[in-house]
Structures are given as C-alpha cells and as structure tokens.
Amino acid sequence: MDYIFDTHAHYDDAAFDDDRDTLLSGLREHGIGYVVNVGASLASCEATLELTKQYPFVYGALGVHPNETGGLSERALQWLKESSRQEKIVAIGEIGLDYYWDEPERTVQKKWFLAQLAAAKEEALPVIIHSRDAAKDTLDIMKAERDGLCGGVIHCFSYSVEIAREYLNMGFYLGIGGVLTYKNARNLKEVVEYAPLSSLVLETDCPYLTPHPNRGKRNSSQYLPLVVEALAQMKKTAPETIIQETTRNAGRLYGLETAAEDTD
Ligand code: NI
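For the sequence shown, numbering that gives the first Met the number 0 assigns the number 0 to the initial residue and increments by one for each residue that follows.
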C-alpha cells in the first residue's frame, strides 16, 4: 500500500508539546508515511533539524517565513545554508511574502525572499513558497527568479485559476490541505478542478487549518484522509489513487524515494 505524504507540517509548534512523541510515533498506523517539517523562524529551523534526527520518516525544510524576516542577518542566512546541507533537509522554506500580516515592511520581506531563493539555487534545493495577499509581487519574483531553481511548491495555494496556471506552466506544485474541505473555499475548489492531479501535493500546515468536520481543533497529519476524501470526490477517482499520485508527486518535489512496499 501507499502511504500519505504530508509535505508541510510544523510539529515543532508548542501546540504539540504535550504529546509530540506519541503522535509522531503513531502516524504510520494512520497511513502517514512521510512528513516534511517546515521551518518558519531560526528557532523552528533548529527544532526541525532535531526532529529529522529523531524520526526516520521526518524530513525537514529550512527557511524564514516573511513575517519573521525582520531580525534576519547575513550570518543567520549563512547558518541556514550550511545547515541545509544535512542529509534529511530536502527544501528551503517556508519563504515568500505576506501582506496580510504586513510586517516587516515589504522591502524587507522582498530582500530576504530574494536572498533565500538565491540560497536555494546555491544549495540545489527546491523551495516552499508562502504567499498571502501578495499574489502579484510573488508571481513577478518567481517569474524573474525561476531560472536555476530546482522546482518547488506554492504552499496552501489560495489564489485564482489564472495565477495557478502561471505556476503550473513554470512546473511548480500546488500544496492542498484542510481548506479544501471548507464550504467557503470556492476559489480553491476551482483551482483543484483545473489543475492536473500530477501537480498537486498534500499538506496539513498543522497545527493550523484543520479539515472539516474537525475545524477549530488542533490539526495533525492524522486528519489528511479527510483531504484525500475531498480530493477523490472532486477528481472522481479512488482515495487510494489520490494517495498514490500525491505521494509520488511529493517524492519528485523533494527528491525522495517513495516506492510502495510490497511487504506490508
Ligand atoms: Ni506553514
């Protein structure tokens, strides 16, 4: 059987302090075979490195979220680049622009977005892009910077079909999570209907964005079957096919072997 690949999680978050080990150790029983823990600040990057050492199925991404770039320095960027050479670090992220939480000022966000894109090129790693209320600026930058990038994913995709088309044409994946199960997610449903399954990957962004009917509770990879179910209905295919395809896509995105095991 194939296991589900959670391409974007934050298990270093304090929301998991009470039961992190129990939860992570039990994921395989729930059909979750791979997790990429995504850094958002320098502290969470360090925690991500620790998690990748503790759990064989946990991989990591190192990067600084746009709203956390205010305190970044060249020295910190250097540390990030060097740390990203560790074996289980598979991407640079999450990086990007966030004009919803409009801080630090946009020139600062852009400066560090560009610097981290350059780091991803130097280290030959794919990128995990966070973009909120910043569709045009993010797309302009990704178009200008795509040469030399080793691909990537637009995480928690929240824009229109027109914007999705631009990213798909550049070969990027779209990250799909709990929002797909929300009644008011008309935009995302249109995008998912439009996009080929070969360009979609599953993600939780946990502890946030818990799928319906558990919305409001803490999210974890255990709830991903609810997103698989929603995706299967929209794509008119079996849940097993959704799992097989999205896990294969995630393996391609992060350069990991995800062949199904025939022994269990
Ligand atoms: Ni995230």
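Glycine included, each C-beta is placed from N, C-alpha and C at the ideal position.
Give me the Cα-Cα distance between residue i and residue j, rounded to the nearest whole angstrom.
i    : j    : result
P212 : P224 : 12 Å
H7   : H154 : 8 Å
D1   : P238 : 11 Å
R19  : D204 : 15 Å
A258 : R27  : 15 Å
E267 : E122 : An answer regarding residue 267 cannot be provided, because it is not within the stretch 0 to 263 covered by the chain.
L48  : G59  : 7 Å
W78  : Q108 : 19 Å
Y99  : K80  : 28 Å
K182 : V63  : 31 Å
A39  : G92  : 7 Å
Y253 : Q53  : 20 Å
I280 : E73  : In the structure displayed, the chain extends from 0 to 263; residue 280 sits before or after that span and is not available.
V226 : F56  : 21 Å
T106 : S159 : 25 Å
L255 : G69  : 33 Å
Can you check which of these residues, the options, is closest to residue i by C-alpha distance?
i    : options                : result
P65  : D101, K52, E73         : D101
K135 : P103, E244, E121, E161 : E161
G170 : E93, R251, R84         : R251
S197 : L138, L230, N218       : L230
D16  : N186, T240, Y98, R217  : R217
A75  : V126, V200, L61, G176  : L61
F156 : F4, V37, Y166, K87     : Y166
L71  : W111, V57, C149, V191  : W111
T246 : G30, K235, G177        : G30
L199 : R185, T240, G215       : T240
I88  : P195, D132, V126, E144 : V126
G215 : V178, E244, T236       : V178
D132 : G147, D97, A117        : D97
Would you say the beta carbon of residue i comes nearer than 7 Å to a heavy atom of ligand 1?
i    : result
A249 : no
A42  : no
A39  : yes
E67  : no
D204 : yes
H7   : yes
H154 : yes
E161 : no
E165 : no
E73  : no
E45  : no
E93  : yes
Taking DSSP as the reference, what is the three-state secondary structure of residue i?
i    : result
S43  : helix
Y253 : helix
V160 : helix
R131 : strand
Y99  : coil
V34  : strand
T262 : Confidence at T262 is low in this model, with a pLDDT of 45, below 50, so the placement of that residue is unreliable and no value is reported for it.
A90  : strand
V63  : coil
For residue i, count neighbouring Cβ atoms within 10 angstroms of its own Cβ and tell me buried if that reaches 16, exposed if not.
i    : result
Q221 : buried
S130 : buried
T180 : buried
S83  : buried
I3   : buried
D11  : buried
Q232 : exposed
P210 : buried
N36  : buried
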